[in-house]
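Letter by letter, the sequence shown follows residues -48 to -1, 1 to 490 of mature numbering (1 follows the signal peptide of the UniProt record, and there is no 0).
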Amino acid sequence: MAEPPNSLSQLLSSEATRHAPSFLTKMAALLPVLLAHLLLLCAHGATASAAATPPPLPILPVPSYAQLRWQLSEMALFLHFGPNTFTDSEWGSGHADPSVFAPSALDAGQWARVAARGGFGRLVLTAKHHDGFCLWPSALTNYSVAASPWRAGAGDVVAELAAATRAEGIGMGLYLSPWDRHEPVYGDTIAYNEHYMGQMTELLTRYGDVEEVWLDGAKGDAKKMNYMFNAWFALIHQLQQRVVIFSDAGPDTRWVGDEAGVAGYTCWSPFNKSSVTIGHTIDEYQRSGDPFGQDWVPAECDVSIRPGWFWHASEKPKNATSLLDIYYKSVGRNCLLILNVPPNSSGLISDEDMQVLQEFTEIRHKIFSQNFAANATVTANSVRGGQDNLQFAPSNVLENSIYSYWAPQEGQSSWEMFFDLGKSTSFNVLQLQEPIQLGQRVIKFHVDILIDELWQTIVAATTIGYKRLLKFPVTESQYLKLCIISARADPLISFFGVFMDSFSDSYNLESHYKRTNSSEVIMLTTGDAAGNRSTATM
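This is the structure:
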């Protein structure tokens, strides 16, 4: 008696399939084989599911989708532009004739190209500054581009910027000044708030996606005025799904507390919005945030490339290394850098500003394109789900993404990662990142290098967040150790990079200092010899 086929392919290739009765007989014979395969697949799926380790719980608060997009963009360009550009002033009176606004070569495409090539994820335009002049043809005032000679009164700067940013694949943001020195109803709380919300509605419904709305609490002393911020915020979020709102106190991003582009050495994204109000802030709280904060409100660092915010022919831009230092102290301290680069009276970003931006871009590329840890061997003292669990493996920190990360085993009292660079390497910059979609966790940490079988601390710091850049004098080692001392929950690390900065004029030591005889010295701490020797053989 012939053996029944043991696979579907054998059955279908059989001559017997040409005859229905024989086919049915052989199908019946094959059913046990098919059932066995099905049971095997189900068992395999159940085993795989049981073996998987779920991600750790987030530690609240956590960012929204829009806040994550904002943080990942890292940098924005601010464009202060309007009648002040032509009157050589910073705060316009609101009485300048609209005819002064006459840029001869305005090119929003140039603005967007400069931003995109420089690595800036969005452009924020002063659609209306304190003088009340609108860079779009608002139906609610006659003080706008419609009353100017530019484009024969038919121009719309906001529309041109919207088209340009879409073409370059970057976001658009708008600043609409609450203070309006031209509008007659300013000072009448109800009438002006209606006027302001009407203009906001125009901006957020005519031009497509707006990814950031920039607000402040500016107001004059001559008229008493109450701004209905909560109503404004509700309207903005109602009209734009992906928008973040910037102000002193959020609700989505907060002012860092200065206009130098410098965040606190400790900088938390958690924050209590109830602790501050727009126009009444606490500088240190703005700079540092709050590890016990109930709201996710990361800081935004604003600074101008020139001494003023509007373009002035007599002013010169900062140099590229100055911008690099600001980058370390803003983006490198868990913030977004918004750099003001004002268009000139022709309507273009000036050549000298573009040159500085190009040099700034090239310097960052040269520093951060060569990660000496890219091919490192990475281990840790524990791994969530066990040392063989690749889902949370230490090597995940070599991938430049917040969505892959190292996670330790739960319940640990100390957390350490070890890096073997493969050879002795000189470096002076470290980059660390946390997967902030699961909350900001690390409170305090230090990084050590192995010298003569002893661990020596080269830098100690507080907070990591989305990105922490640590700059220090050039050092050399093959082995590094990241020691996390304290955290709000089990620490998670998504990136660890080792770089060389040969451009900075001086180094802002990120180490802790000890004051001795009225001088500050770097503290190099040494680990125990037994631990050193065991680690050196990793």
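Where a beta carbon is used, it is the ideal one built from N, C-alpha and C, also for glycine.
If you draw a straight line from the alpha carbon of residue i to that of residue j, how long is it in whole angstroms?
i, j, result
"G61", "E112", "8 Å"
"Y459", "A143", "Model confidence at Y459 stands at a pLDDT of 43, short of 50, so the residue's coordinates are unreliable and nothing is read from them."
"I188", "L128", "12 Å"
"F424", "F324", "16 Å"
"F370", "L9", "25 Å"
"L191", "R158", "11 Å"
"T478", "Q389", "Model confidence at T478 stands at a pLDDT of 37, short of 50, so the residue's coordinates are unreliable and nothing is read from them."
"S356", "A326", "15 Å"
"V293", "S353", "29 Å"
"R206", "Q19", "12 Å"
"S419", "Q23", "With the sequence shown as reference, residue 419 is identified as Lys, and Ser is not the correct amino acid for it. C-alpha separation (whole angstroms): 10 Å."
"residue 507", "V450", "The structure shown does not extend to residue 507, since the chain is modelled only from -48 to 490, so the question has no answer here."
"R118", "A413", "39 Å"
"V438", "L276", "The question names Val, but residue 438 is Ser in the sequence shown. Cα to Cα, the separation comes out at about 30 Å."
"L382", "D161", "36 Å"
"P50", "S298", "16 Å"
"S274", "S256", "11 Å"
"H(-5)", "P346", "In this predicted model, H(-5) has a pLDDT of only 39, less than 50, meaning its place in the structure is not dependable; the value taken from the coordinates is given anyway. So the alpha carbons of these two residues sit roughly 27 Å apart."
"L155", "I197", "14 Å"
"Q385", "Y279", "15 Å"
"A115", "K225", "35 Å"
"A251", "K281", "12 Å"
"K175", "N286", "38 Å"
"M452", "G150", "51 Å"
"Q361", "G44", "59 Å"
"A318", "T141", "It should be pointed out that residue 318 corresponds to Lys in this sequence rather than to Ala. Each residue's Cα considered, the two are about 53 Å apart."
"S266", "T93", "33 Å"
"I395", "P443", "9 Å"
"D59", "A67", "13 Å"
"V399", "Q339", "22 Å"
"P387", "G125", "26 Å"
Going by Cα to Cα distance, which pick from the options is closest to residue i?
i, options, result
"residue 491", "N286, R194 and A212", "No answer is possible for residue 491: the residues shown for the chain start at -48 and end at 490."
"P243", "T218, D235 and I319", "T218"
"M180", "Q364, Y148, G46 and Q392", "Y148"
"L87", "V66, E252 and M152", "M152"
"W220", "I319, A345, L434 and I416", "I416"
"A54", "G231, H81, G105 and I11", "G105"
"A170", "K80, P13 and F30", "K80"
"A359", "A332, W166 and E135", "A332"
"Y237", "Q408, R74, D200 and S297", "D200"
"V214", "L342, I437, L288 and P15", "L288"
"G216", "T229, I234, K225 and I230", "I234"
"L373", "Q430, L342, V335 and V381", "Q430"
"V308", "R74, G70 and V411", "G70"
"R316", "P387, A251, P295 and F455", "F455"
"R21", "F38, V399 and D204", "D204"
"T37", "G84, G241, H264 and R103", "H264"
"V14", "R336, G391 and G125", "G391"
"F344", "N296, E267 and F447", "F447"
"W63", "V228, G245, N296 and T93", "N296"
"V335", "E368, P101 and L126", "E368"
"G363", "W166, L126, R440 and R103", "R440"
"T377", "I410, V426 and P130", "V426"
"G84", "V110, Q408, R103 and P35", "P35"
"T329", "G284, S366, N341 and K375", "K375"
"L12", "Q408, I436, R393 and L406", "R393"
Compute the beta-carbon to beta-carbon distance between residue i and residue j, rounded to the nearest angstrom, for a pair I have assumed lies under 8 Å.
i, j, result
"G209", "R239", "5 Å"
"I401", "L432", "6 Å"
"F33", "T5", "At roughly 52 Å, the Cβ-Cβ gap does not stay under 8 Å, so F33 and T5 are not in contact."
"F223", "V249", "4 Å"
"L434", "F379", "That belief does not hold up - the Cβ atoms of L434 and F379 are roughly 14 Å apart, past 8 Å."
"G202", "D247", "7 Å"
"I122", "F185", "With a Cβ gap of about 24 Å, I122 and F185 do not count as contacting."
"D305", "P269", "5 Å"
"R133", "G46", "3 Å"
"A28", "R65", "Between R65 and A28 the Cβ distance is about 15 Å, and since that is not below 8 Å, they are no contact."
Within the 7 Å Cβ cut-off, does residue i reach chain D?
i, result
"I395", "You won't find chain D in this structure, because it holds only one protein chain."
Just grab the DSSP bridge partners of residue i for me.
i, result
"Q383", "L421 and G449"
"A413", "F397"
"S256", "N292"
"residue 500", "Residue 500 lies beyond the residue range present for the chain, which begins at -48 and ends at 490; the question has no answer from this structure."
"R206", "S199 and A251"
"M149", "In the DSSP output, where bridge partners are listed per residue, M149 has none listed."
"M180", "M180 pairs with nothing; no bridge assigned."
Requested in this report: Return the chain-ordered ranges of every beta strand (DSSP E) run that is complete within the region 213 to 248 and spans a minimum of 3 residues.
Outcome: none
Query raised in the report: Whole beta strand (DSSP E) runs in the region 385 to 409 with 3 or more residues, listed along the chain?
Result: 394 to 403
Requested in this report: Jot down the residue ranges of each uninterrupted alpha helix (DSSP H) in the region 50 to 87, minimum 4 residues, whole runs only, in chain order.
Outcome: 60 to 69
**Report entry** Inside the region 281 to 352 only - alpha helix (DSSP H) runs reaching at least 4 residues
**Finding:** 303 to 320
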